[in-house]
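Asker:
Number of protein chains: 2
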Amino acid sequence: MSTQTVTTEGPRSKRALILRAAIESFGDDGFEHTKWASVADKVGIGQTALYHYFESKVHCLLTIMSSELERSATAFAAAVEGQATPTDELRAAVKAALDVGPREVLQARILQSHMDLLASPRQSEREEAERQHARELVRQVEHNWLDLVERGIASGDFADRDAFQTSHMMLAMILSVWRWYREGGALSNEDVREFTTEALLRLVRA
Amino acid sequence: MSTQTVTTEGPRSKRALILRAAIESFGDDGFEHTKWASVADKVGIGQTALYHYFESKVHCLLTIMSSELERSATAFAAAVEGQATPTDELRAAVKAALDVGPREVLQARILQSHMDLLASPRQSEREEAERQHARELVRQVEHNWLDLVERGIASGDFADRDAFQTSHMMLAMILSVWRWYREGGALSNEDVREFTTEALLRLVRA
DNA sequence: ACCACAGCCAAACCTGATTCAGTTCAAGGA
DNA sequence: TCCTTGAACTGAATCAGGTTTGGCTGTGGT
């Protein structure tokens, strides 16, 4: 789709380690609150070594956001694939969106918290490229849901209401989970998925 | 409730002007992206004069967030007051939440984008106080909606489902509007309110 | 007439991200 | 083996912005 960094990582590359550490730090302590240098410490390299892999702290953040968006876009496609009805597609899509491991939860939170970063252009080349990429993926994800809603309306499974607002609202309902959900809390992931699915169906059902 | 700054503004105070300018800048360009000094410029004072009114840039942000939360909490209370049924209360509450001017829209966006700031403690005295205040108000708002849902369930107007998840979801649905809504766009504020109200009712109705 | 204090400023300061000017090391020829 | 190349890395500056300091000014209250 887009000419993305397919820079086949060298064997000694710490890029993945850095991303992992950054996700933990950004997710647990917040992006602005975590010192870029502390990420370096966590990985066991000097602060400036980070710049070998990422152009800046923000560039790293954008990379994390893109990666999460990518995951969520492809997971949607895979889940929906081959479902019989829009209702089944919806069930599958919700499962795909919410049935994720702890690292993805962090990534989802990071993504949500910094969505506004995608709004304004970046100075630097690579950052701007990554931003554009992320924006494209956002559009992709929104489009996925919009499409699903429209399919549902067309088939008569869903009530005929404004698809744009509906899809945005569905996305918000799903993502809102990460605001309060905590692993090992009163509600299991399973519980939440169940509740969310039913809520969404109540929203769209004809 | 809390011993808040009731520091009866002096007549020459530029506090309100600063807040207004900050809301515009933070809202349009984003908090991290706007230079604190540029807010001073906008108001027509030197950068350090800002510190006469706010302890820090973050303190100003927290103040804006608190103010928005305060508005939203009291608006809810006022709207719900004297409604006959939970359904009517819900209608009134949605109207109160969404029928706001452009400045409040900006504030709402600012609030949402920096909710995570409320999670971790602040170093400085006044910032921490303001943070606590904001947290209290968040609890207040969440409680308002939770209560409404529980009243609705008790009266039989709303279906008997998990009130916690329901109320959080409702809040998310309402606040999600600010992500895409733009004054003068295809959909009027009226349209959006109508759609949102119906969506919420579909969600909770017995 | 005087004082206290809100309101303001220029210059110094500090923190944390970023750049500079290299050094190390492993792999692939010659 | 020796040499070259480029990925991986580093300590020491640099830079940008927010914050602190110390002091000046003008106004309202007594």
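Residue numbers (my numbering), protein chains in the order written: chain A, 334 to 539; chain B, 334 to 539. Using N, Cα and C, we set each Cβ at its ideal position, and we do this for glycine too. Note that the structure is predicted; figures quoted are calculated from it, not measured.
#1: Contact criterion: CB-CB distance below 8 Å. Does residue 501(A) meet it with respect to chain B?
#2: State yes or no: is the beta carbon of residue 543(B) nearer than 8 Å to at least one beta carbon in chain A?
#3: Would residue 399(A) and residue 466(A) qualify as a contact pair, given that the criterion is a beta-carbon distance under 8 Å?
#4: Rounding to the nearest angstrom, what Cα-Cα distance links residue 564(B) and residue 382(A) in this structure?
#5: Inspect the CB distances between the segment 358-371 of chain A and the segment 436-455 of chain B and report whether three or more fall short of 8 Å.
#6: So residue 444(B) and residue 357(B) are supposed to be a Cβ contact under 8 Å. How far apart are they, rounded?
#7: Taking residue 460(B) and residue 389(B) to be in contact with their CB atoms under 8 Å, please state how far apart those CB atoms are, rounded to whole angstroms.
#8: Does DSSP put residue 491(B) in a helix, in a strand, or in coil?
#9: So what's residue 538(B) in DSSP terms, helix, strand or just coil?
#10: What residues in the segment 364-395 of chain A have a beta carbon less than 8 Å from any beta carbon of chain B?
#11: What does residue 506(B) touch in chain A if you count any residue whose Cβ is under 7 Å from its own?
#12: Between residue 513(A) and chain B, is the shortest Cβ-Cβ distance under 8 Å, so that the two count as touching?
#13: Taking Cβ positions only, does residue 536(A) come closer than 8 Å to chain B?
#14: Please go through the same chain and pick out, in chain order, the residues whose beta-carbon is closer than 6 Å to the beta-carbon of residue 393(A), but skip the five residues on each side of it.
#15: State the start and end residues of the unbroken alpha helix (DSSP H) segment that holds residue 514(A).
#16: Around the C-beta of residue 418(A), are 16 or more other C-beta atoms found within 10 angstroms, so that it is buried, or is it exposed?
#17: For residue 362(A), return the contacting residues in chain B, with the cut-off set at a CB-CB distance below 8 Å.
Answerer: Considering the structure as presented:
#1: yes
#2: Chain B is shown only over 334 to 539; residue 543(B) falls outside these bounds and no answer can be derived.
#3: yes
#4: This structure cannot speak to residue 564(B), because chain B is shown only from 334 to 539.
#5: yes
#6: About 15 Å separates the two Cβ atoms, so there is no contact after all.
#7: 6 Å
#8: strand
#9: strand
#10: 365 and 366
#11: 502, 505 and 506
#12: yes
#13: yes
#14: 355 and 387
#15: Looking at the DSSP string, residue 514(A) is not in any alpha helix (DSSP H), and its letter there is neither H nor E.
#16: exposed
#17: 453
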